[in-house]
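Visitor: Structure below; questions to follow.
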Amino acid sequence: MASLQKDGRHVCSGTLVDEDSVLSSADCVSSSPTASDWTVVLGRLKQNGSNPFEVTLNVTDITLSNQTGSNAAVLHLETTPTLSNYIQPICVERRTNLQRGLDVLGCRLELRGRRGGTSSAGDPDLGGGL
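The numbering of the sequence shown is the UniProt record's numbering, which starts it at 1 and goes up by one.
This is the structure we're talking about:
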């Protein structure tokens, strides 16, 4: 699970889907789609307090889905995190590499994020599920 943060505060969750890309809800980032506004925390077990396994990474680019009815965003990371027992990408079938876009996923994903200041269903520590 990834914590998407603005100004050091958790906004919503995402999932590492490639060595340098996090998939999340477009609703999460659409109000501020500027990459430099965001950081991604990986390896955090709880939102309260730090964790020895976590890393904070800068975002270099955000790709919002342009497909009607889609609510997906990919945040591209400045550096590749070191994979560990606490930081792993999810396994998805890929037709190609992430192509700096969204049509790589060979399956349908339902994403939920924070809307209107309330968190959606899912892990209460991470403010919503995927």
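Using N, Cα and C, we set each Cβ at its ideal position, and we do this for glycine too.
For L45, collect the residues of the same chain with a Cβ closer than 6 Å to its Cβ; drop the 5 residues on either side in sequence, then sort them by chain order.
Guide: Residue 45 sits at position 45 when you count from the first residue of the sequence shown. Same-chain partners within the cutoff: N51.
Visitor: What is the rounded straight-line gap between the Cα of P33 and the Cα of E54?
Guide: Here residue 33 refers to the residue found at position 33 of the sequence shown. Here residue 54 refers to the residue found at position 54 of the sequence shown. Spanning the two alpha carbons is a distance of roughly 24 Å.
Visitor: Measuring straight from C-alpha to C-alpha, what distance separates A26 and T63?
Guide: Locating residue 26 in the sequence shown gives position 26, counting from the first residue. Locating residue 63 in the sequence shown gives position 63, counting from the first residue. Rounded to the nearest angstrom, the two C-alpha atoms are 9 Å apart.
Visitor: Return the first residue and the last residue of the beta strand (DSSP E) that D18 is part of.
Guide: Residue numbering aside, residue 18 sits at position 18 when the sequence shown is read from its first letter. Per DSSP, D18 belongs to the beta strand (DSSP E) from 9–18.
Visitor: For the putative contact between V17 and I87, defined by C-beta atoms under 8 Å, what is the C-beta separation to the nearest angstrom?
Guide: Position 17 of the sequence shown, counting from 1, holds the residue named residue 17. Position 87 of the sequence shown, counting from 1, holds the residue named residue 87. Not quite, the Cβ-Cβ distance comes to about 13 Å (not below 8 Å), so this is no contact.
Visitor: For S24, count neighbouring C-beta atoms within 10 Å of its own C-beta (all shown protein chains included) and say buried if the count is 16 or more, exposed if not.
Guide: As a working note, residue 24 is residue 24 in the sequence shown. It counts as buried.
Visitor: Give the DSSP bridge partners of L64, in chain order.
Guide: Here residue 64 refers to the residue found at position 64 when the sequence shown is read from its first residue. BP columns for L64 point to A73.
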